[in-house]
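Engineer: Got a structure here, written out as structure tokens. Questions coming.
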Amino acid sequence: MYIWNLSKGEVVRRFQENIIEVDESRPDFEKVRVHPLTGGKTPPLLLYEIFRYRDEDAEFTCERQILWLSGGRPYVQQVVWRKNGKPLPRSLRFRQELTFTELTEDQNLLTKIAKEHHLSVYKITATLTIYLIKSYDFGNYTCHVAEMVQNSIQEWMVFLNERIQASKAHSDFPGSFQHQGESKSTEENKNELSVKTSVEDMYTPSHEFRLIEVHPSQMTRQAPPGAILVFKTSYWHLSESNDDVSEEYFINEQSTQMGTCNRRLNGCSVFLLLYWFYSYEYTIFPPFVQNYQLKAFPDRAKIHHHHHCLCEKTYGHHSIYYLRRFYNSRKKKYELLEVYHPDDLVVLPREQDMLYLFQNRTSNVNNEQCPTTSDMHFVNMAANAFTSLYESNEKYVAGLGMFVSFIILWLSRRLIRVIGNFGGRMILDQTVAFLPRLEHRQTENQQGMEDAKTKFSKKHFDFFLSVTDSDAELVTGQILPILEARGHKVCLPDRDIPPNLQVISALSTAVDNSDRYIVILSSEYLKDRFKRNLELDMIGNKASCSDISPQSSLLCIKLDDCELLPWMKSFQVHDWTTFLSRENQLNRLSRWVQLGTKQNAKRECYELVFILIPFICLFVFSVIFVQLLGISNVALSDTLIIKKLLLMLTA
7 MYIWNLSKGE
17 VVRRFQENII
27 EVDESRPDFE
37 KVRVHPLTGG
47 KTPPLLLYEI
57 FRYRDEDAEF
67 TCERQILWLS
77 GGRPYVQQVV
87 WRKNGKPLPR
97 SLRFRQELTF
107 TELTEDQNLL
117 TKIAKEHHLS
127 VYKITATLTI
137 YLIKSYDFGN
147 YTCHVAEMVQ
157 NSIQEWMVFL
167 NERIQASKAH
177 SDFPGSFQHQ
187 GESKSTEENK
197 NELSVKTSVE
207 DMYTPSHEFR
217 LIEVHPSQMT
227 RQAPPGAILV
237 FKTSYWHLSE
247 SNDDVSEEYF
257 INEQSTQMGT
267 CNRRLNGCSV
277 FLLLYWFYSY
287 EYTIFPPFVQ
297 NYQLKAFPDR
307 AKIHHHHHCL
317 CEKTYGHHSI
327 YYLRRFYNSR
337 KKKYELLEVY
347 HPDDLVVLPR
357 EQDMLYLFQN
367 RTSNVNNEQC
377 PTTSDMHFVN
387 MAANAFTSLY
397 ESNEKYVAGL
407 GMFVSFIILW
417 LSRRLIRVIG
427 NFGGRMILDQ
437 TVAFLPRLEH
447 RQTENQQGME
457 DAKTKFSKKH
467 FDFFLSVTDS
477 DAELVTGQIL
487 PILEARGHKV
497 CLPDRDIPPN
507 LQVISALSTA
517 VDNSDRYIVI
527 LSSEYLKDRF
537 KRNLELDMIG
547 NKASCSDISP
557 QSSLLCIKLD
567 DCELLPWMKS
577 FQVHDWTTFL
587 SRENQLNRLS
597 RWVQLGTKQN
607 AKRECYELVF
617 ILIPFICLFV
627 FSVIFVQLLG
637 ISNVALSDTL
647 IIKKLLLMLT
657 A
């Protein structure tokens, strides 16, 4: 048991090593943690870290509840967004949305305070959206919310009215509204006060978002031929639909839409596919793309897992491009934008050691350096060598496994049969031993009937003739001599079935022990209920299940204008009511008999060949194994040379 578990674990480990999953460099879409400066005690309580590539989208949402005087409504200037502590730059790629919702049913502490002081509670939801992020868009974005702004405005308006009244009472001193010799009207002073109110530092930071750039990275992986590569990528967008963004996969600047590997099973290993289907419950062959959606944002991120089998054409540079359909507000039309995924994957070949269970010849090493374009020639040479070597080994192992499985199944069948016979006899003997012994007085007729039944069940017939008494003279005079002249054993029920046997049981035994059947069909035959409903049904069922073709297993000779049964049309029918002479009809019958005899000889020959196939396969595989040892040694020496070149390139 220990050896079995060890072998099983080693096989599973090798299979897992051949399913290579490569994640993109983005750690996550979003992370939330306690703000390091405030410690979660004062706003902003949390710090939202948003990870994005260039040319993706980002969305920040700020929610806050504020108190306001009853009967009033907050202003648009209630929320201000800032980037790195400065006002947002003007850009068509920036979009701000602001909504106010009065809370009346929420029974929290703020609502109770508002009711006591005759105030209202508003929920402010501010959203900042950035489309097609550029390098200068990354940084810290803060949402600032002002409370009780209406009170400040009212105080300034009271002050303004007092100054207006003072100006009317002292018209000779307009200096109250003069600054450096320039007079200002009443409306201009109102505007100035509004500007002072909005600019005054009475906004408190509510939320902080840190937009972090995920820098491009180049990843290098070593993978054996026949392995399954899973490249996981994503693209975050805020388009109207997921259909507005499509992706395209490239290997060595060639699109994979028309296929990659032209080899058997698309370049996948047979053993690895069996493990993959069983463990991962997939039902299709690579290459294919598996799409995923985030539960929180089903229409915001396109997450793809690209599955490929590795062969000589799939080694090299793997890259992904996204095509995005967007609306250009300046040109007032839809346009397509090509976005390059910054992660570049380079796959290098290595020797496949999945079939060497307890020999660690290679290891899956991730190299940091990437070969240049001029070095790709050596990569292709190594990929071809590794692929050819592995395919030859896999074919040999697969064939050997099939042969061994066939031998095991054949031996299991023989063993089960022997054990079943032995066990059945033992059970029968034990059962009989415990049964009371009853003495049966058997008469001589009964003993003779048992002997006759046993003797008749051992007889074998080449032909079974089914005929009525009215047509028996035709059979014995013309048809029977043709069959017996060729040495065939013919069964006529009225002649060959012992009279002391049960008719139905003996008739069934005779039909089962016959190879071919001839039915002399006539109106009298169809009127005979025993012949039609019992004997003819036995013949039809046996002929349908026969190993011989239907045209050779059963012959219906039609003597008059009787109607054929529907199932008889699939068998051979000779109509003796036509213009052909009786001699020609008998010659036709002779040819039918001879044709079926040849088919029987072929079937026996096929059975003999089928018995000899395991021994022939064993001999052929032995010869191939001897030849393969010499080829593998030569190929392995070439592979070692190319492997040294790859080590020099990646060192």
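Here the sequence shown is numbered in our numbering, starting from 7 and rising by one per residue.
From the three backbone atoms N, C-alpha and C, an ideal C-beta is built for every residue, glycine too.
Is it buried or exposed, A676, if we count other Cβ atoms within 10 angstroms and call 16 or more buried?
Structural biologist: Missing from the structure shown is residue 676; the chain here goes from 7 to 657 and no further.
Engineer: So, under 8 Å CB-CB, Q496 and L471 are touching, yes? Tell me the CB distance rounded to an integer number of Å.
Structural biologist: Here residue 496 refers to the residue found at position 490 of the sequence shown. Here residue 471 refers to the residue found at position 465 of the sequence shown. Contrary to the premise, residue 496 reads as Val rather than Gln in this sequence. With a Cβ gap of about 6 Å, V496 and L471 count as contacting.
Engineer: Select from D566, D567, G546, E569 the residue whose C-alpha is nearest the C-alpha of S558.
Structural biologist: Reading the sequence shown from its first residue, position 552 is the one you call residue 558. Taking only the C-alpha atoms, the option nearest S558 is G546.
Engineer: Tell me which residues share the same chain as I26 and place their Cβ nearer than 8 Å to its Cβ, disregarding the 5 neighbours each side in the sequence.
Structural biologist: Locating residue 26 in the sequence shown gives position 20, counting from the first residue. Excluding positions up to five away in sequence, the list reads R227, A229, A233, I234, L235, V236, N370.
Engineer: Pick from W282, I72, I139: whose alpha carbon is nearest that of F106?
Structural biologist: Residue 106 sits at position 100 when you count from the first residue of the sequence shown. If we check each option's Cα against that of F106, I72 comes out closest.
Engineer: Alpha carbon to alpha carbon, how far is L125 from W74?
Structural biologist: As a first step, residue 125 must be located in the sequence shown, where it is residue number 119. As a first step, residue 74 must be located in the sequence shown, where it is residue number 68. Computed Cα separation, rounded: 6 Å.
Engineer: Below 8 Å on the Cβ atoms is my guess for R594 versus H580; work out the distance and round it to an integer in Å.
Structural biologist: As a first step, residue 594 is located in the sequence shown; it is residue number 588 there, counting from the start. As a first step, residue 580 is located in the sequence shown; it is residue number 574 there, counting from the start. Yes, R594 and H580 are in contact; Cβ-Cβ is about 6 Å, under 8 Å.
Engineer: On the three-state DSSP scale, how would you describe Q186?
Structural biologist: Here the question's residue 186 lines up with position 180 in the sequence shown. Reliability fails at Q186, whose pLDDT of 36 lies under 50, so the model's placement of it is uncertain and the value that follows must be treated cautiously. Note: Q186 maps to coil in three-state DSSP.
Engineer: Which residue marks the beginning of the beta strand (DSSP E) containing A229, and which one marks its end?
Structural biologist: By 1-based counting over the sequence shown, the position of residue 229 is 223. It spans 224-229 - the beta strand (DSSP E) in which A229 sits, taken as one unbroken run.
Engineer: H324 and P292 look like a contact to me (Cβ under 8 Å); what is the Cβ gap, rounded to whole Å?
Structural biologist: Locating residue 324 in the sequence shown gives position 318, where the first residue counts as 1. Locating residue 292 in the sequence shown gives position 286, where the first residue counts as 1. So it is not a contact: roughly 14 Å between Cβ atoms.
Engineer: In the DSSP output, what is E16 paired with across the bridge?
Structural biologist: Numbered from 1 along the sequence shown, position 10 holds the residue referred to as residue 16. DSSP, once it has assigned bridges, lists no residue as partnering E16.
Engineer: Under a three-way DSSP split, which group does Y402 fall into?
Structural biologist: In the sequence shown, residue 402 corresponds to position 396, counting from 1. Y402: helix per DSSP, three-state reduction.
Engineer: Determine the contact status of Q102 and L134, defining contact as a CB-CB distance below 7 Å.
Structural biologist: Along the sequence shown, read from residue 1 onward, the residue named residue 102 stands at position 96. Along the sequence shown, read from residue 1 onward, the residue named residue 134 stands at position 128. Taking 7 Å as the Cβ cut-off, Q102 and L134 qualify as a contacting pair.
Engineer: Y288 to E62, Cα distance in whole Å?
Structural biologist: Against the sequence shown, residue 288 aligns to sequence position 282. Against the sequence shown, residue 62 aligns to sequence position 56. Cα-Cα distance, rounded: 32 Å.
Engineer: Which value, in whole angstroms, describes the spacing of the CA atoms of K89 and L217?
Structural biologist: Residue mapping note: residue 89 aligns to position 83 of the sequence shown, counting from 1. Residue mapping note: residue 217 aligns to position 211 of the sequence shown, counting from 1. For K89 and L217, the distance between alpha carbons rounds to 10 Å.
Engineer: DSSP state of P277, grouped into three classes?
Structural biologist: Counting from one through the sequence shown, the residue named residue 277 turns up at place 271. With the sequence shown as reference, residue 277 is identified as Phe, and Pro is not the correct amino acid for it. Of the three classes helix, strand and coil, the one that applies to F277 here is helix, per DSSP.
Engineer: For the beta strand (DSSP E) that contains P42, what are its first and last residues?
Structural biologist: If you number the sequence shown from 1, residue 42 lands on position 36. Neither: P42 is in no beta strand (DSSP E) and is coded neither H nor E.
Engineer: Is it buried or exposed, Y531, if we count other Cβ atoms within 10 angstroms and call 16 or more buried?
Structural biologist: In the sequence shown, the residue the question calls residue 531 occupies position 525. With 16 or more Cβ atoms within 10 Å of its Cβ, Y531 is classed as buried.
Engineer: Closest to I485 by C-alpha separation, out of V410, T515, R70, V599, would be which residue?
Structural biologist: If you number the sequence shown from 1, residue 485 lands on position 479. Of the candidates V410, T515, R70, V599, the one whose C-alpha sits nearest the C-alpha of I485 is V599.
Engineer: Count the other C-beta atoms from every protein chain shown that fall within 10 angstroms of the C-beta of F21, then say buried if there are 16 or more, exposed otherwise.
Structural biologist: Numbered from 1 along the sequence shown, position 15 holds the residue referred to as residue 21. Counting Cβ neighbours within 10 Å, F21 comes out buried, since at least 16 surround it.
Engineer: Where does A64 fall in DSSP's three states?
Structural biologist: As a first step, residue 64 is located in the sequence shown; it is residue number 58 there, counting from the start. In this structure, A64 counts as strand in the three-state DSSP scheme.
Engineer: For L480, which of R588, T393, S514 has the nearest alpha-carbon?
Structural biologist: As a position in the sequence shown, residue 480 is number 474, starting the count at 1. Checking every option, the nearest Cα to that of L480 belongs to R588.
Engineer: Can you give me the Cβ contacts of E541 inside the same chain, cut-off strictly under 7 Å, excluding the 5 residues immediately before and after it?
Structural biologist: The sequence position of residue 541 within the sequence shown is 535, counting from 1. Cβ neighbours of E541 within its own chain (closer than 7 Å, five residues either side excluded): S472, L513.
Engineer: Return the CA-CA distance between R420 and P499, expressed in angstroms with no decimal places.
Structural biologist: As a first step, residue 420 is located in the sequence shown; it is residue number 414 there, counting from the start. As a first step, residue 499 is located in the sequence shown; it is residue number 493 there, counting from the start. The alpha-carbon atoms of R420 and P499 are separated by roughly 37 Å.
Engineer: How about E253 and H311: are their beta carbons less than 7 Å apart?
Structural biologist: The count along the sequence shown starts at 1 and reaches residue 253 at position 247. The count along the sequence shown starts at 1 and reaches residue 311 at position 305. For E253 and H311, no; Cβs fall outside 7 Å.
Engineer: Nearest-angstrom Cα distance between Q224 and L351?
Structural biologist: Locating residue 224 in the sequence shown gives position 218, where the first residue counts as 1. Locating residue 351 in the sequence shown gives position 345, where the first residue counts as 1. Straight-line Cα distance between these residues: approximately 6 Å.
Engineer: Which runs of the beta strand (DSSP E) at least 3 residues long sit entirely within the region 239-290? Give them in chain order.
Structural biologist: 251-257
Engineer: Quick check on the burial criterion: 16 or more other C-beta atoms within 10 angstroms. Buried or exposed for I619?
Structural biologist: As a first step, residue 619 is located in the sequence shown; it is residue number 613 there, counting from the start. Classification of I619: exposed, given that the 10 Å Cβ count is below 16.
Engineer: Apart from the five residues just before and just after H243, which ones in its own chain have a Cβ nearer than 6 Å to its Cβ?
Structural biologist: Mapped onto the sequence shown, residue 243 falls at position 237. Answer for H243: D63, V251, listed in chain order.
Engineer: Roughly how many angstroms separate the alpha carbons of S476 and R538, rounded to a whole number?
Structural biologist: By one-based count along the sequence shown, residue 476 stands at place 470. By one-based count along the sequence shown, residue 538 stands at place 532. Approximately 15 Å, taken between the alpha carbons.
Engineer: Taking buried to mean at least 16 other C-beta atoms within 10 Å of its own C-beta, is I326 buried or exposed?
Structural biologist: For the purposes of this step, residue 326 is identified with residue 320 of the sequence shown, where counting begins at 1. By the neighbour-count rule (16 or more Cβ atoms within 10 Å), I326 is buried.
Engineer: So F231 packs on P49, CB below 8 Å; how close in whole Å?
Structural biologist: Indexing the sequence shown from 1 puts residue 231 at position 225. Indexing the sequence shown from 1 puts residue 49 at position 43. The sequence shown places Pro at residue 231, not Phe. Going by Cβ atoms, the distance from P231 to P49 rounds to 58 Å, so no, they are not a contact pair.
Engineer: Where does the unbroken alpha helix (DSSP H) through T515 begin, and where does it stop?
Structural biologist: Counting from one through the sequence shown, the residue named residue 515 turns up at place 509. Its alpha helix (DSSP H) spans residues 509-518.
Engineer: Look up E55 in the DSSP assignment and give the residues it is bridged to.
Structural biologist: Stepping through the sequence shown from its first residue, residue 55 is reached at position 49. The partner list for E55 (beta bridge, DSSP) reads K37, R216.
Engineer: Provide the residue span of the alpha helix (DSSP H) that contains Q557, from first to last.
Structural biologist: Here the question's residue 557 lines up with position 551 in the sequence shown. 556-559 is the extent of the alpha helix (DSSP H) around Q557.
Engineer: Here's a check: name, in chain order, each residue in its chain whose Cβ is nearer than 7 Å to the Cβ of K14, leaving out the five neighbours to either side.
Structural biologist: Numbered from 1 along the sequence shown, position 8 holds the residue referred to as residue 14. Excluding residues within five positions, none has a Cβ falling inside 7 Å.
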